[in-house]
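**Q** In our numbering, the protein residues as written are 41 to 344.
Don't be surprised by glycine CBs; every beta carbon is placed ideally from N, CA and C.
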Ligand code: FDA
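1) Which whole-angstrom value describes the C-beta separation of residue 233 and residue 205, a residue pair presumed to lie in contact below a C-beta threshold of 8 Å?
2) Please report the distance separating the alpha-carbon of residue 148 from that of residue 76.
3) Grouping DSSP H, G and I as helix and E and B as strand, with all else coil, what is residue 343?
4) DSSP three-state call for residue 17: helix, strand or coil?
5) Using 10 angstroms around the beta-carbon of residue 252, count the other beta-carbons present and answer buried if the total reaches 16, otherwise exposed.
6) Roughly how far, in whole angstroms, is the beta-carbon of residue 133 from the beta-carbon of residue 98, given that I think they are within contact range, below 8 Å?
7) Would you say the beta carbon of residue 81 is closer than 8 Å to some non-hydrogen atom of the ligand FDA?
8) Can you grab the Cα-Cα spacing for the pair residue 194 / residue 82, in whole Å?
9) Could you tell me the distance, in whole angstroms, from the CA atom of residue 320 to the CA atom of residue 229?
10) Roughly how many angstroms separate the alpha carbons of residue 95 and residue 216, rounded to a whole number?
11) Grouping DSSP H, G and I as helix and E and B as strand, with all else coil, what is residue 206?
12) By DSSP, does residue 60 sit in helix, in strand, or in coil?
13) In chain order, what residues of the same chain have a beta carbon less than 7 Å from the beta carbon of residue 191, not counting five sequence neighbours either side?
14) Would you please verify whether the beta carbon of residue 248 is less than 9 Å from any beta carbon of chain D?
15) Give every residue of the same chain whose Cβ lies closer than 8 Å to the Cβ of residue 189, excluding the five residues on either side of it in the sequence, and list them in chain order.
16) In terms of alpha-carbon separation, which member of 239, 127, 55, 241 lies closest to residue 176?
17) On a CA-only basis, which of 161, 312, 207 is nearest residue 260? Give me that one, please.
18) Count the other CB atoms within 10 Å of the CB of residue 137; is the residue buried (16 or more) or exposed (fewer)?
19) I think residue 43 touches residue 331, with their Cβ atoms under 8 Å apart; what is that distance to the nearest whole Å?
20) Please identify the residue among 163, 162, 310 whose C-alpha is closest to the C-alpha of residue 286.
21) Would you please state the rounded distance, in angstroms, between the beta carbons of residue 248 and residue 203? I believe it to be under 8 Å.
22) Taking the alpha helix (DSSP H) that residue 156 falls in, what are its first and last residues?
23) Under three-state DSSP, which class holds residue 289?
24) For residue 105, is the classification buried or exposed, using 16 other Cβ atoms within 10 angstroms of its Cβ as the cut-off for buried?
25) With C-beta atoms as the reference, is residue 318 less than 9 Å away from residue 87?
26) Note down the Cα distance separating residue 73 from residue 84, rounded to an integer number of angstroms.
27) Between the C-alpha atoms of residue 92 and residue 240, what's the straight-line distance to the nearest angstrom?
28) At the level of alpha carbons, what is the spacing between residue 161 and residue 45?
29) Does the beta-carbon of residue 256 have 16 or more other beta-carbons within 10 angstroms, so that it is buried, or is it exposed?
30) Excluding the 5 residues flanking residue 281 on each side, which residues of the same chain have their C-beta closer than 6 Å to its C-beta?
31) Roughly how far, in whole angstroms, is the beta-carbon of residue 114 from the beta-carbon of residue 186, given that I think they are within contact range, below 8 Å?
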């Protein structure tokens, strides 16, 4: 009950525009620097280098919430291109993750599509893969439509499927051959479209992981859940699925020992490295997922 209230509270904060705007001026506060890799791409690349040295591959994400004008969306697009160029120049083992709303999906589908094309042209030139993060259900169909359109022109782009959605299994079927990141799902959705029961979500999660792997499609299993990870390890072994057909993904600053253990066992592990001034919404969503993460904030407040 208390956990549910805390989840709702952090989710409310993550969507609070005034707090998000104010936080941009504060710099990384409340321990956020443990899970956000600085405010600029150069800060993030330093962290990526450290992670690469430990055998971890990475994806960087320039954080951004509430993009409401074309100017803001163009700025985000430019920053994505700059990030791609910086990845290429610094020769790190890293790709890019981004969100459609940051590129203007709520302003105009066509405008967002053009911004995506510009980013993918740059990524193509440098042989860098771009992952479209999946946002809330309201943006799901548009994101998949845009992916389908982009995949006709580019093969260095993929997206994310959320296991809590009833539609996940059908989407996986339609996306056979597309590199996908599979997650449980991070947003609050209604029972009409999403499972609410944790066990049901976990069951569906493992079901879609098996489905995409069995199709022979590249699969990123993005989870901190050791039970799921152990099940995947067993499944791939029993079904002779090669280790280069899938990867595990975890967020920067979470379960770092487990990340390294998987690397030592010979698995590909990619760390999702978020950076940027707009850190508040991301940080609050992580709190909502696992209120125990409040420990980050407490440590952040008590340390200098
Ligand atoms: P979950 O939170 O369900 O935890 C299961 C169990 O794992 C816990 O009970 C605990 O035992 C253990 N555990 C979890 N975290 C732990 C920790 N920090 N320390 C110790 N034990 C821990 N979502 C989305 O909607 N769209 C997206 O694009 C993405 N992208 C994305 C990328 C990456 C790389 C990751 C890792 C996650 C996402 N997500 C996402 C978020 C995802 O949907 C989901 O909300 C979170 O990963 C939380 O679910 P988990 O599967 O990690 O475990």
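**A** Quick answer:
1) Right, their Cβ atoms sit about 6 Å apart.
2) Roughly 29 Å separates the two Cα atoms.
3) For residue 343, the predicted structure reports a pLDDT of 48, less than 50, and the residue's modelled location is therefore unreliable. A value from the coordinates is still provided. Residue 343: coil per DSSP, three-state reduction.
4) This structure does not reach residue 17, given that the chain is present from 41 up to 344, and the question cannot be answered.
5) Residue 252 counts as buried, since at least 16 other C-beta atoms from the protein chains shown sit within 10 angstroms of its C-beta.
6) In this structure residue 133 is in contact with residue 98, their Cβ atoms being roughly 7 Å apart against a cut-off of 8 Å.
7) Closer than 8 Å to some heavy atom of the ligand FDA: that does not describe the Cβ of residue 81.
8) The straight-line gap from Cα to Cα measures roughly 27 Å.
9) Their Cα atoms are separated by approximately 21 Å.
10) If you take the alpha carbons of residue 95 and residue 216, they lie about 29 Å apart.
11) In the structure shown, residue 206 sits in coil (DSSP, three-state: anything other than H, G, I, E or B).
12) Correct three-state label for residue 60: helix.
13) Excluding positions up to five away in sequence, the list reads 197, 218.
14) Going by chain labels, chain D is absent from the structure shown, which holds only one protein chain.
15) Answer for residue 189: 153, listed in chain order.
16) Considering only alpha carbons, the answer is 55.
17) When each option's Cα is compared against that of residue 260, the closest is 312.
18) Result: buried.
19) With 8 Å as the limit, residue 43 and residue 331 qualify as a contact, their Cβ atoms being about 6 Å apart.
20) That would be 310, whose Cα lies nearest to the Cα of residue 286.
21) Indeed they touch by this definition, with Cβ atoms about 6 Å apart.
22) Its alpha helix (DSSP H) spans residues 149 to 165.
23) DSSP places residue 289 in strand when its eight states are reduced to three.
24) Residue 105 is buried by the Cβ-count criterion.
25) Not in contact: residue 318 and residue 87 (Cβ atoms no closer than 9 Å).
26) In a straight line, the C-alpha of residue 73 is about 11 Å away from that of residue 84.
27) In this structure, the alpha-carbon of residue 92 lies about 35 Å from that of residue 240.
28) Answer to the nearest angstrom: the Cα atoms are 44 Å apart.
29) Classification of residue 256: exposed, given that the 10 Å Cβ count is below 16.
30) Listed in chain order, the non-local C-beta contacts of residue 281 below 6 Å within the same chain comprise 253, local neighbours out to five positions each way being set aside.
31) That pair is no contact at about 17 Å.
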